[in-house]
Every structure is written in structure tokens, then in C-alpha cells.
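Quick note: the sequence shown uses numbering that gives the first Met the number 0, first residue 0, plus one each step. We treat Cβ as the ideally placed atom computed from N, Cα and C, and that holds for glycine.
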Amino acid sequence: MEEKDIILQIENLSKQYRLGVIGTGTISHDLNRWWHKIRGKEDPYLKIGEKNARTTVGDSNYVWALKDVSFNVEKGEVLGIIGKNGAGKSTLLKLLSKVTMPTTGIIRSKGRIASLLEVGTGFHPELTGKENIFLNGAILGMTKAEIASKFDEIVAFAGVQRYVNTPVKRYSSGMKVRLAFAVAAHLEPEILVVDEVLAVGDAEFQKKAIGKMQDIAKGEGRTVLFVSHDMTNIQNLCTKSILLENGGMVMHGDTEDVIKHYLQDSEETYVKSLKDHRNRKKGTQEFMQKITIGDGSSKVISGKDVTIRVDLDLNSLEEFSIGYLFKNEKGQVLMASNTMQYGKKLLPEKGKNSIDIIIKDLPLAPASYSVSLFLGNGKFDIDIIEDAITFPVFWEHEHILPPPKKWGSTFGITLWEY
């Protein structure tokens, strides 16, 4: 790779935060840092070896949100950034956008960077949409004439013609995102940084935004960094991707390989306790205790039978019903069923504490899916858990190619007679 093709270079980038209510700039810590510095010693607060593991309690008051991340991005490349919540994705984008400064490491970039990190970022709530467009353009270093030449295109793309002279504080979240993306994309930055805020927009706008990012990279030769939990969008849009985990970069390469590694290595396994589940609907009871997909360890394969076992505690029920619902990464419902459909009245039996849901020839394309569960007492639902478990589905048909992402989330094995 020639040096001139590299538009963004990251070397050993790290960001450290202090836990609790006191910032890192306390007098005692500043003095300690100063004392070590004049003696030629390493900063004592940069020796923390702990990972950013959100599920475990560490011994230190400091945590690395990002640690020793290095990679290069070429001009015209669309780089996907994936990882679980807390992996360091948003921290990385904030560092690249200069919202916050790195603790250690170097960022080298060529040209202007425009960022879309959070709803309303960069907008002054008291200014109108029009005034904010010109304000953002000025921040990017554009002249008033340059901004004016793009103004109509920005407003049309965002679909806010009627509200362009209204203060932004009166905009809905979706309107703010549409306008913010339109401004960032049309003011011609060399590097466009987009966090997962596009999820706020509706399906039609998301499609427009993805198309615009493709145009920016392929047609205009500019660079895009894109964070998303939607693996379909990452697959369709990004040429290369990086995978972050606990603040570190574990993989950088072709998007398909990175996504496959992410799904295979995900801690969102095929077994999950449902006790104290954060997505359990408030006011409902804890009758459902655990969910197991298949045997709990083997991969789920497209087109093969799969069994979902739900462990139950039914001591206080006289009868019950149960249902499930599959959703894709966009939250779209793909299929659902419940025992009431079949006129089944289930009666609790002593010593029987689980039910198997058997789905024949699972018609889901390779991707990540969630299962929601609903348990009723014959009259209404009394235990509801949205997205009870999320798990990957894989493709292992020797003589059949996997369907492209653009064909959708479901598929049917077809016999062709000629």
C-alpha cells in the first residue's frame, strides 16, 4: 500500500477513564504524575493492566476504554467497526472526531473529518435548521458560498423543507438525525464518521443513508467509518472491518471474515438464564427460567431442524400457553407462533419443568437473530421477555451457495426441475 493512499493512520491509540465521580485531574494525581515525570518515570496511572471487562469488578479505579489500537484506512475505503456494547466503538469515533483526546497514541489524518455520533451532535438547539447547516459548514472550514451551493440538496435529502426555519429544539429525534446526516454527508468531508445513530431513523431514511454512504465512497472517492450492530448493513456497505472487544482490536480484515469471527466468538451463546432478565416486561412474573438453543453448544444451521428449550417454574399455574417470535438485526419480525394457534391447553405436570419448541427446516439465512418469549395463563400473557436471547445462524450446505444479504433474512431450499 502506498503512503499516499492512506488517509487515516492510527498508532497505539488508547483512552483511559477514571471510575467514580472524581475526574482524572485531581491535585494528588497531578502531583504524583509530575513527580514521576521529572524523575523520568512512567506515568503511574498508565500502568493499568486490566481490560475493559464490563461484567467483572476490577481492583483499580481506572479503566481502559480503548487500548493499543492500530490500523490504517485507505482513501475511498468504507471501514466497518463492530463489537458488543462497551467494546470501545464509540470511544474510538470520539477520538477520531476530536471530541475527546487520547491518553496515548497517535492519529494522523488527511483532510476534514465530519462526524455523526449522537442525536443532535453539533447542533445548537436555539438556532434554526438553516442556521445550523451554515454553522456546521463553517466549523468544517467551508465558505458561505460553498455551503449555499449545497443547501437545497441537504434540505431535500433530510426531508425537512417545511421546518428549515424552525429551531432545532422542536425537531423530533428522527428529524435531527436526518438533518445531521445530510449536513455531514453533503458538505464534502474527506472522512465521514457515522455512529449507530442511523437506527433512530425510519427504514426509508436508513436505505437513503446507506445509499449515500456508498456514493460517497465509490463515486466520490471519500472515506467512511461506520459503526453498527446491524451486520447486514456492515456486510453490504463495508469493504473492510475491524472487531473491537474490551477496548482492544482483535481482528482487522475483510468484512465477511470479521463478521464470521464476531458471530462465532460472541458471548451471546446458545444458553441464557432468564432470571432477572433486563428485557423482561415490568409487572410480569418470572415463570420462564432459562432458554437453550439446540444442545446449547452446537452451531445452528440454516435449513436444519432446531429445538428451543425453555425451562419453566409453573407451580402457581393451573394452565399455560407459550409463544415465540424471531427478529432479525433490524428488529423486523420474521416468524412467530404460540400454542394457542393449535388449540393447545397446556397443563403443568409434576416434575415437568421444560417445554421444547421444535422448528422444522429453519428458514433463516446466515446472520444473527433474537428470540422473544411470551408465556400466558390461558387468558393473557403473564411473563414477557423481548429479545430473550441473541444467537448466530450459520450456513453449511455443501452444494448450495448461501443467499446474498440483499435477498433478505429468510430463504427456502428450492428444487429445480428442467
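Answer with buried or exposed for residue i, where buried requires no fewer than 16 other C-beta atoms within 10 angstroms of its C-beta.
{"i": "His396", "result": "exposed"}
{"i": "Pro391", "result": "buried"}
{"i": "Ala147", "result": "exposed"}
{"i": "Lys175", "result": "buried"}
{"i": "Trp34", "result": "exposed"}
{"i": "Gly82", "result": "buried"}
{"i": "Gly282", "result": "exposed"}
{"i": "Thr99", "result": "exposed"}
{"i": "Ala155", "result": "exposed"}
{"i": "Asn164", "result": "exposed"}
{"i": "Glu416", "result": "exposed"}
{"i": "Gly220", "result": "exposed"}
{"i": "Tyr368", "result": "buried"}
{"i": "Tyr341", "result": "exposed"}
{"i": "Gly330", "result": "exposed"}
{"i": "Trp406", "result": "exposed"}
{"i": "Phe225", "result": "buried"}
{"i": "Leu414", "result": "exposed"}
{"i": "Lys88", "result": "buried"}
{"i": "Leu346", "result": "exposed"}
{"i": "Asn84", "result": "exposed"}
{"i": "Ile21", "result": "At Ile21, the pLDDT of 49 sits below 50, so the modelled position is not reliable; the number obtained from the coordinates is stated separately. Counting Cβ neighbours within 10 Å, Ile21 comes out exposed, since fewer than 16 surround it."}
{"i": "Leu400", "result": "exposed"}
{"i": "Ala113", "result": "buried"}
Can you check DSSP and say which residues form a bridge with residue i?
{"i": "Lys303", "result": "Looking at the DSSP assignment, Lys303 forms no beta bridge with any residue, so it has no partner."}
{"i": "Asn337", "result": "Gly322"}
{"i": "His251", "result": "Ile241"}
{"i": "Asp382", "result": "Leu374"}
{"i": "Glu10", "result": "Ile105"}
{"i": "Glu73", "result": "Ile5"}
{"i": "Gln15", "result": "Trp63"}
{"i": "Arg308", "result": "Thr291, Asp355"}
{"i": "Ile388", "result": "Val370"}
{"i": "Pro166", "result": "Thr127"}
{"i": "Val277", "result": "Per the sequence presented here, residue 277 reads as Arg, with Val not at that position. Answer is none; Arg277 lacks a bridge partner."}
{"i": "Phe225", "result": "Gly79, Val193"}
{"i": "Leu363", "result": "Thr409"}
Can you tell me whether DSSP reads residue i as helix, strand or coil?
{"i": "Phe325", "result": "strand"}
{"i": "Met287", "result": "strand"}
{"i": "Leu78", "result": "strand"}
{"i": "Gly57", "result": "Bear in mind that the predicted position of Gly57 carries a pLDDT of just 49, short of 50, making it too unreliable to give a figure here."}
{"i": "Leu346", "result": "coil"}
{"i": "Lys259", "result": "helix"}
{"i": "Tyr368", "result": "strand"}
{"i": "Lys271", "result": "strand"}
{"i": "Leu178", "result": "helix"}
{"i": "Phe204", "result": "helix"}
{"i": "Asn314", "result": "coil"}
{"i": "Ile190", "result": "strand"}
For the putative contact between residue i and residue j, defined by C-beta atoms under 8 Å, what is the C-beta separation to the nearest angstrom?
{"i": "Asn135", "j": "Val182", "result": "5 Å"}
{"i": "Leu191", "j": "Ile209", "result": "With 8 Å as the limit, Leu191 and Ile209 do not qualify as a contact, their Cβ atoms being about 13 Å apart."}
{"i": "His185", "j": "Ile153", "result": "5 Å"}
{"i": "Gly79", "j": "Ile321", "result": "About 37 Å; that fails the 8 Å criterion."}
{"i": "Leu316", "j": "Phe325", "result": "Not a contact, Cβ separation roughly 25 Å."}
{"i": "Asp310", "j": "Lys289", "result": "4 Å"}
{"i": "Thr389", "j": "Ile357", "result": "Contact doesn't hold; Cβ gap of about 20 Å is too wide."}
{"i": "Ile383", "j": "Lys280", "result": "4 Å"}
{"i": "Leu139", "j": "Val159", "result": "Actually they do not touch by this definition, with Cβ atoms about 20 Å apart."}
{"i": "Asn31", "j": "Thr103", "result": "Contact flag wrong, Cβ pair sits at about 17 Å."}
{"i": "Lys344", "j": "Gly295", "result": "Their Cβ separation, rounded to whole angstroms, is 29 Å, which puts Lys344 and Gly295 out of contact at 8 Å."}
{"i": "Ile5", "j": "Thr222", "result": "Not a contact, Cβ separation roughly 10 Å."}
{"i": "Ser408", "j": "Leu372", "result": "At roughly 20 Å, the Cβ-Cβ gap does not stay under 8 Å, so Ser408 and Leu372 are not in contact."}
{"i": "Gly128", "j": "Val167", "result": "6 Å"}
TODO: Starting from the N-terminal side, write out each stretch of the alpha helix (DSSP H) that is 4 residues or longer and does not extend beyond the region 86-159.
DONE: 88-95, 128-138, 143-157
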